[in-house]
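Right, one structure below, let's go through it.
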Amino acid sequence: MQAARLHAYGGALVLDDVPVPTPGPGEVVLAVEGAGFCHSDIHVIDGDLQVLSRMPMTLGHENAGRVAAVGDGVDTVKEGDPVAVFGGWGEGTCDYCVSGNEQLCVAPRWVGITGGDGGFAEFLHVPHERYLVRLRSLQPKIAAPLVDAALTPYRAITRSLDALQPDHKVLVIGVGGLGQYGIKLLRILSGCEVIAVDVSSGKLATAVQYGATDVVDGRGDRVAEEVMELTNGAGVCASFDFVGSDQTLDLAVRSTRTLGKVVQLGLAGGSARLKVLDNAKFEVRFETSLWGNIKELREVIALAESGVLSPIEMEFAPLTAINDVYRRVKEGAVDGRVVITP
Ligand code: FEH
Ligand code: ZN
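According to the working numbering, the sequence shown is numbered sequentially starting from 46.
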């Protein structure tokens, strides 16, 4: 089968012919119908995040498809079933795995990253049926971005509800795939009005389309001041930084009101600095948030299946176009999410 594999950091993905996987006991093999291209894939390919357990590695951690084969003992899915695939696989025995947060495992086996080969391929081996979420009405290629672009903001938002007060605004920095689902989910789950910041006019227009009430162009030289003016000087109740650079983290901290919360989701390599009576108000909480767990994925998919969470804009591209996709995503030329359809 064809698979897009990384052979060296800084190199291009290579389309290799590799064996079709077969399922052992308790395991499942999918025919991949959708594999989202995440900004984290850029960081991995470029070597900014040297997290791969081995190379060559087939990337793709945001996957969905149809069951092609099941191993002995698998009884929750059967051949032909459409499914989305939780990708934060763990080793199964550490505190995080046994408490339902495999994505935080001490020895993570994330699909397409630190564990098995990912979904930029015709078939995907899944080590246990518990990682599969059955789709009812959603097409797999539409559901794929829910696995990361929606799941990641969903976890961060549901863990911040105590800070999200509908009589205060919330700040979203970075309106890529995750930020777009973040805006939608904030409107659904918190009712707060959303201020969106991005350096792309197109993405700011998309932010408004998805429910942002105010937008601020991140290329300006008064961004923090504009955000404060939009909150009448009070600051936002929470800031979600989907970029994670020094500048965006500083903006998030400066914009957050006393007793508010800053959440870092983006992995651009920045560091947050909180200095009271300098860039931070009083008792501001700072938290990083990473991906989501199996139960949270089931909840996000239920929101999408019910129509409450509508899909963001998607582009679909064949496996053969994956290096062009890498270039376009890196250049910021993609508005929503690109889904590879092998
Ligand atoms: C992917 C690869 C490495 C670190 C983090 C990620 C996230 O995109 C997973 O949601
Ligand atoms: Zn991702």
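Even glycine gets a Cβ: it sits at the ideal position worked out from N, Cα and C.
In this text the structure is predicted, and so the values were computed from the model without any measurement.
Exercise for the section: Drop a sphere of 10 angstroms on the beta-carbon of D259, count the other beta-carbons inside from all chains shown, and report buried for 16 or more, exposed for fewer. Expected result: Your numbering for residue 259 matches position 214 in the sequence shown. Classification of D259: buried, given that the 10 Å Cβ count is 16 or more.
Exercise for the section: For L58, collect the residues of the same chain with a Cβ closer than 8 angstroms to its Cβ; drop the 5 residues on either side in sequence, then sort them by chain order. Expected result: Along the sequence shown, read from residue 1 onward, the residue named residue 58 stands at position 13. Here the set comprises A49, R50, L51, I90, L104, F165, I367, N368 and Y371.
Handout entry: Expected contact under 8 angstroms - CB spacing of L234 and T203 to nearest Å
Key = Position 189 of the sequence shown holds residue 234. Position 158 of the sequence shown holds residue 203. Yes, L234 and T203 are in contact; Cβ-Cβ is about 7 angstroms, under 8 angstroms.
Problem - R311 - DSSP class collapsed to helix/strand/coil - result: For the purposes of this step, residue 311 is taken as residue 266 along the sequence shown, with counting starting at 1. The sequence shown places Gly at residue 311, rather than the Arg named in the question. Reduced to three states, the DSSP call for G311 is coil.
Practice task
Please list, in chain order, all residues of the same chain as G315 whose beta carbon is under 6 angstroms from its beta carbon, the five residues on each side excluded.
Solution key: If you number the sequence shown from 1, residue 315 lands on position 270. Here the set comprises G289, S290, D291 and L294.
Handout entry: Stretch pair the region 226 to 233 + the region 195 to 209: three plus CB contacts closer than 8 angstroms
Key = Judged by Cβ distances under 8 angstroms, the region 226 to 233 makes contact with the region 195 to 209, as three or more pairs qualify.
Handout entry: Minimum length 4: unbroken alpha helix (DSSP H) runs contained in the region 196 to 264
Key = Runs found: 196 to 203, 222 to 234 and 246 to 254.
Practice task
State yes or no: is the C-beta of V96 nearer than 7 angstroms to some heavy atom of the ligand FEH?
Solution key: Your numbering for residue 96 matches position 51 in the sequence shown. Residue side-chain check: V96 places its Cβ nearer than 7 angstroms to a non-hydrogen atom of the ligand FEH.
Problem - Close beta carbons around G145, own chain, < 8 angstroms, minus the five adjacent residues each side - result: Here residue 145 refers to the residue found at position 100 when the sequence shown is read from its first residue. Excluding the 5 residues flanking it on each side, G145 has same chain C-beta neighbours closer than 8 angstroms at N338, I339 and K340, in chain order.
Exercise for the section: Flag C83 as yes when its Cβ comes closer than 7 angstroms to any non-hydrogen atom of the ligand FEH, and as no otherwise. Expected result: Position 38 of the sequence shown, counted from the start, is the residue given in the question as residue 83. For the ligand FEH, at least one heavy atom lies less than 7 angstroms from the Cβ of C83.
Problem - V89: CB within 7 angstroms of a non-hydrogen atom of the ligand FEH - result: As a working mapping, residue 89 is identified with position 44 in the sequence shown. Taking the Cβ of V89 as the reference point, at least one heavy atom of the ligand FEH falls within a distance shorter than 7 angstroms.
Problem - Per-residue DSSP class, three states only, for E107 - result: Translated into positions along the sequence shown, residue 107 becomes position 62. Correct three-state label for E107: coil.
Problem - Selection from K123, Q148 and G221 that minimises the alpha carbon distance to G135 - result: For this step, residue 135 is matched to residue 90 along the sequence shown. G135 has its Cα closest to that of Q148, out of K123, Q148 and G221.
Practice task
Indicate the three-state DSSP secondary structure (helix, strand or coil) for A57 in the structure shown.
Solution key: Taking the sequence shown and counting its residues from 1, one reaches residue 57 at position 12. In the three-state DSSP reduction, A57 falls in the coil class, being neither helix nor strand.
Exercise for the section: Taking K186 as the reference, give the member of R111, G55, T333 and Q95 with the closest Cα. Expected result: As a working note, residue 186 is residue 141 in the sequence shown. Comparing Cα-Cα distances from K186 to each of R111, G55, T333 and Q95, the minimum goes to R111.
Handout entry: Through-space distance from V244 to R264, alpha-carbon basis
Key = To locate residue 264, count along the sequence shown from 1; it is residue 219. To locate residue 244, count along the sequence shown from 1; it is residue 199. If you take the alpha carbons of R264 and V244, they lie about 5 angstroms apart.
Problem - Contact belief for E174 with T138 at Cβ below 8 angstroms, rounded distance in angstroms - result: Against the sequence shown, residue 174 aligns to sequence position 129. Against the sequence shown, residue 138 aligns to sequence position 93. Incorrect: roughly 19 angstroms between the Cβ atoms, too far for contact.
Practice task
For P127, name the three-state secondary structure that DSSP assigns.
Solution key: By 1-based counting over the sequence shown, the position of residue 127 is 82. P127 sits in a strand when the DSSP states are folded into three classes.
Exercise for the section: Could you tell me whether the region 296 to 313 touches the region 245 to 258, where touching means 3 or more Cβ pairs closer than 8 angstroms? Expected result: The region 296 to 313, when compared against the region 245 to 258, does not touch it at the 8 angstroms Cβ threshold.
Handout entry: W134 CB to nearest heavy atom of the ligand FEH below 7 angstroms
Key = For this step, residue 134 is matched to residue 89 along the sequence shown. No heavy atom of the ligand FEH is found nearer than 7 angstroms to the CB of W134.
Problem - Sub-8 angstroms separation of G381 and E344 beta-carbons - result: For the purposes of this step, residue 381 is taken as residue 336 along the sequence shown, with counting starting at 1. For the purposes of this step, residue 344 is taken as residue 299 along the sequence shown, with counting starting at 1. Against a cut-off of 8 angstroms, the Cβ pair of E344 and G381 comes out as no contact.
Exercise for the section: Identify whether V63 lies in helix, strand or coil by the three-state DSSP scheme. Expected result: As a position in the sequence shown, residue 63 is number 18, starting the count at 1. The three-state reading of DSSP puts V63 in coil, since its state is none of H, G, I, E or B.
Handout entry: V65 versus F168 - alpha carbon distance
Key = One-based indexing of the sequence shown puts residue 65 at position 20. One-based indexing of the sequence shown puts residue 168 at position 123. The straight-line gap from Cα to Cα measures roughly 7 angstroms.
Handout entry: Beta-carbon spacing of G71, G118 below 8 angstroms
Key = To locate residue 71, count along the sequence shown from 1; it is residue 26. To locate residue 118, count along the sequence shown from 1; it is residue 73. Against a cut-off of 8 angstroms, the Cβ pair of G118 and G71 comes out as a contact.
Exercise for the section: Have a look at the DSSP bridge pairing and note the partners of H88. Expected result: Taking the sequence shown and counting its residues from 1, one reaches residue 88 at position 43. By DSSP's assignment, H88 forms no beta bridge with any residue.
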